[in-house]
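Residue numbers (this note's numbering): 35 to 191.
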Amino acid sequence: MERRDKINYYLDIAETVSRRGTCLHENYGAIIVKNDEIISTGYLGAPRTRKNCTDLGYCNCEKVGEKKSGHFEFCRAVHAEANAIVSASRRDAMHGALYLVATDAITGEYVENAYCCNMCQMLIINAGISTVFIRNNHDEYTSIDVDDEWVAHDDTI
Numbered sequence: 035m036e037r038r039d040k041i042n043y044y045l046d047i048a049e050t051v052s053r054r055g056t057c058l059h060e061n062y063g064a065i066i067v068k069n070d071e072i073i074s075t076g077y078l079g080a081p082r083t084r085k086n087c088t089d090l091g092y093c094n095c096e097k098v099g100e101k102k103s104g105h106f107e108f109c110r111a112v113h114a115e116a117n118a119i120v121s122a123s124r125r126d127a128m129h130g131a132l133y134l135v136a137t138d139a140i141t142g143e144y145v146e147n148a149y150c151c152n153m154c155q156m157l158i159i160n161a162g163i164s165t166v167f168i169r170n171n172h173d174e175y176t177s178i179d180v181d182d183e184w185v186a187h188d189d190t191i
């Protein structure tokens with residue numbers, strides 16, 4: 035049996051983390067790795083002690099008519115990237131990599147063109163994370179050099 039490459043190994047772990055997600059539409063999982071050590075994990079879900087959409091049985095964004103429109107203020111969930119960053123110290127995350135996987139909550143298929151939202155991009159920059167790997171399918175991924183792609187070409191603000 036052929037050994038799995040290191041990037042897909044960590045993406046496999048992020049995919050497992052995504053299964054803890056509580057969104058009724060998409061589940062994201064993220065891990066931060068530095069020096070071949072997992073620093074933290076995060077998945078898409080409501081803040082600690084608050085009810086998740088899966089517990090409530092409905093999506094608040096749908097309830098207010100804002101499903102997938104980019105109005106994250108209506109969403110009960112904290113993004114996987116943000117949860118991973120909150121759980122890590124900046125010192126540990128600095129110069130590390132974030133691995134991100136998104137799957138459809140119903141079909142389990144990979145989310146096409148998954149990407150970090152602008153807010154998560156800013157959090158990743160502030161955490162000092164150097165690289166983001168986003169799974170496209172079971173074996174392929176997109177690699178983002180944070181400084182080259184998000185800092186040097188800043189058009190988000």
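Glycine included, each C-beta is placed from N, C-alpha and C at the ideal position.
As the structure is a computational prediction, the values presented were derived from the model and not from experiment.
Buried or exposed: residue i, going by 16 or more other Cβ atoms within 10 Å of its Cβ?
i: C150; result: buried
i: K68; result: buried
i: E143; result: exposed
i: V135; result: buried
i: A116; result: buried
Where does residue i fall in DSSP's three states?
i: S74; result: strand
i: E60; result: strand
i: E183; result: helix
i: D189; result: coil
How far does the beta strand (DSSP E) with residue i in it extend, from its first residue to its last?
i: D179; result: 175-179
Can you pull the DSSP bridge partners for residue i?
i: Y133; result: I65, F167
Assuming residue i is part of the alpha helix (DSSP H), what are its boundary residues?
i: R82; result: Counting along the chain, R82 falls outside any alpha helix (DSSP H), and DSSP gives it neither H nor E.
i: A127; result: 124-127
i: I119; result: 114-120
i: N152; result: 152-161
i: D46; result: 40-52
i: N94; result: 94-97
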